[in-house]
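Structure, as structure tokens:
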Amino acid sequence: MSVDLVLIGRNEGDRLLRALRAARGQARRLVYVDSGSTDGSVAAARAAGALVVELDMSIPFSAARARNAGFEAAQATDPAPFVQFIDGDCALVPGWLAAAEARLSQDNTLGLVTGWRSEIAPEASLYNRICDHEWRRPAGPIVACGGDMMVRAKAFAQAGGFDPTVIAAEDDDFCLRLARAGWQLERLPLEMTRHDAAMTRFAQWWRRAIRAGHGFAQVGLRHPGHFRTEQRRVLAWGLVLPVIALVGAAKGPAVPVLVALLYALSWLRSAKGLRAEGMPAAEARKQALLLTLSKFPNLIGMGKFWLTHLARRRPRIIEYQ
Numbered sequence: 001m002s003v004d005l006v007l008i009g010r011n012e013g014d015r016l017l018r019a020l021r022a023a024r025g026q027a028r029r030l031v032y033v034d035s036g037s038t039d040g041s042v043a044a045a046r047a048a049g050a051l052v053v054e055l056d057m058s059i060p061f062s063a064a065r066a067r068n069a070g071f072e073a074a075q076a077t078d079p080a081p082f083v084q085f086i087d088g089d090c091a092l093v094p095g096w097l098a099a100a101e102a103r104l105s106q107d108n109t110l111g112l113v114t115g116w117r118s119e120i121a122p123e124a125s126l127y128n129r130i131c132d133h134e135w136r137r138p139a140g141p142i143v144a145c146g147g148d149m150m151v152r153a154k155a156f157a158q159a160g161g162f163d164p165t166v167i168a169a170e171d172d173d174f175c176l177r178l179a180r181a182g183w184q185l186e187r188l189p190l191e192m193t194r195h196d197a198a199m200t201r202f203a204q205w206w207r208r209a210i211r212a213g214h215g216f217a218q219v220g221l222r223h224p225g226h227f228r229t230e231q232r233r234v235l236a237w238g239l240v241l242p243v244i245a246l247v248g249a250a251k252g253p254a255v256p257v258l259v260a261l262l263y264a265l266s267w268l269r270s271a272k273g274l275r276a277e278g279m280p281a282a283e284a285r286k287q288a289l290l291l292t293l294s295k296f297p298n299l300i301g302m303g304k305f306w307l308t309h310l311a312r313r314r315p316r317i318i319e320y321q
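Quick note on numbering: the sequence shown equals residues 1 to 321 in full-length UniProt numbering.
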């Protein structure tokens with residue numbers, strides 16, 4: 001095995017314990033990066049035999065900063081050619097590391113491979129099931145992926161690692177820079193990690209959608225064209241149509257009714273799309289409703305980014321747990 005595992009977390013509790021148990025004996029070296037936990041995470045990681053890196057919390061933390069710190073610690077002595085990154089709310093699936101290492105060893109043009117992430121408890125809430133659906137994407141060449149990934153150390157260094165100032169969609173930003181440096185990215189048709197979103201409340205989902213909107217704007221600014229479709233949808237459905245409805249309301253109910261019908265059609269179209277992907281009708285209707293509603297918190301997130309950017313301030317992480 002020529003893979004080091006970098007696990008990042010902050011107050012993950014039992015989820016971290018699950019991740020540590022799943023990681024036992026799978027990688028050559030386990031590095032845990034902690035972002036100011038107060039729940040005993042550091043002690044648990046040390047007890048599991050991990051090399052622990054505790055971030056200086058006087059500096060704004062982010063997942064990107066934690067992954068960079070983990071990579072540096074793993075590469076400091078006897079560096080491995082490949083590094084697997086996972087989050088503290090994820091558990092490795094047995095066999096993934098060996099399969100991913102074999103694929104990277106087989107094709108020297110590949111800078112990164114990822115696989116399928118799935119939810120541990122999709123039945124626990126609608127919000128968990130939304131995550132479970134999001135994670136399942138087609139295998140093959142990809143443009144970007146989430147934070148669970150195995151990266152060629154040489155490619156990671158060439159791309160400059162993660163940007164610690166990107167607080168959402170930092171994995172998209174990294175993947176795009178990796179591709180720009182000439183590397184290929186691929187999703188393997190294999191189970192990689194089991195994720196525990198632990199989202200049971202609407203407020204958690206709302207903040208997660210705000211975070212996504214921030215990522216659309218920040219990464220979209222850095223990489224023109226990326227997230228362009230998402231941003232246009234947010235502006236159209238989260239801003240333009242509501243303004244039209246409000247202005248039109250002064251002249252009568254016709255315009256607001258028409259706008260409401262457009263939202264209903266959008267919901268129906270989303271539900272139809274989810275049904276085409278094999279989702280049961282009742283579930284598709286529920287998820288489509290949140291997809292339609294998500295444009296409003298997405299807009300808030302985009303606005304947060306632009307306010308911070310124009311004020312020349314560094315954005316702060318948006319947590320939904």
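The C-beta atom is built at its ideal place from N, Cα and C for all residues, glycine as well.
According to the DSSP assignment, Trp116 belongs to the beta strand (DSSP E) that extends over Leu110 to Glu119. Here Asp173 is buried: its Cβ has 16 or more other Cβ atoms, across all protein chains shown, within 10 Å. In this structure, the beta-carbon distance from Cys145 to Arg187 falls below 8 Å. Here the alpha carbons of Arg312 and Ser294 stand approximately 27 Å from one another.
By DSSP's assignment, Ala23 forms no beta bridge with any residue. Our two residues, Ser266 and Ser118, have alpha carbons roughly 27 Å apart in a direct line.
Note on Pro138: under 16 other CB atoms within 10 angstroms of its CB, so exposed under the neighbour-count rule. Under the 10 Å beta carbon count, Asn128 is surrounded by 16 or more other beta carbons and is classified as buried. Taken in chain order, the complete beta strand (DSSP E) segments of 3 residues or longer contained in the UniProt domain "Glycosyltransferase 2-like" (141-267) are 149-152 and 184-195.
Of all C-beta pairs linking the segment 33-47 to the segment 57-65, three or more are shorter than 8 Å, placing the two stretches in contact. Here Asp56 is exposed. Its C-beta has fewer than 16 other C-beta atoms within 10 Å.
Closest by C-alpha distance to Arg65, out of Ala260, Ile244 and Asp171, is Asp171. In the structure shown, Arg18 adopts helical secondary structure according to DSSP, grouped into three states.
DSSP places Val83 inside the beta strand (DSSP E), whose first and last residues are Phe82 to Asp87.
Rounded to the nearest whole angstrom, the C-alpha separation of Ala157 and Leu261 is 51 Å. The residue from Gln204, Thr200, Trp135 and Gly220 with its alpha-carbon nearest to that of Arg177 is Gly220. Counting the other CB atoms within 10 Å of its CB gives Gly147 a total of 16 or more, which places it among the buried residues.
For Glu54, the enclosing beta strand (DSSP E) has its first and last residue at Leu51 to Glu54.
In this chain, the beta strand (DSSP E) harbouring Tyr32 covers Arg29 to Asp34. Under the three-state reduction of DSSP output, Val42 falls in the helix class. Between the segment 191-198 and the segment 82-101, the count of C-beta pairs closer than 8 Å reaches three or more; the two stretches touch. Here Arg152 is buried, its C-beta having at least 16 other C-beta atoms within 10 Å. Between Ala74 and Val83 a beta carbon distance of about 6 Å is seen, short of the 8 Å cut, so the two are scored as contacting.
If you draw a straight line from the Cα of Glu72 to the Cα of Phe85, it is about 13 Å long.
The Cβ-Cβ distance between Gln184 and Leu110 falls below 8 Å. Cβ contact annotation for Ala76 (same chain, cutoff 8 Å, sequence separation greater than five): none.
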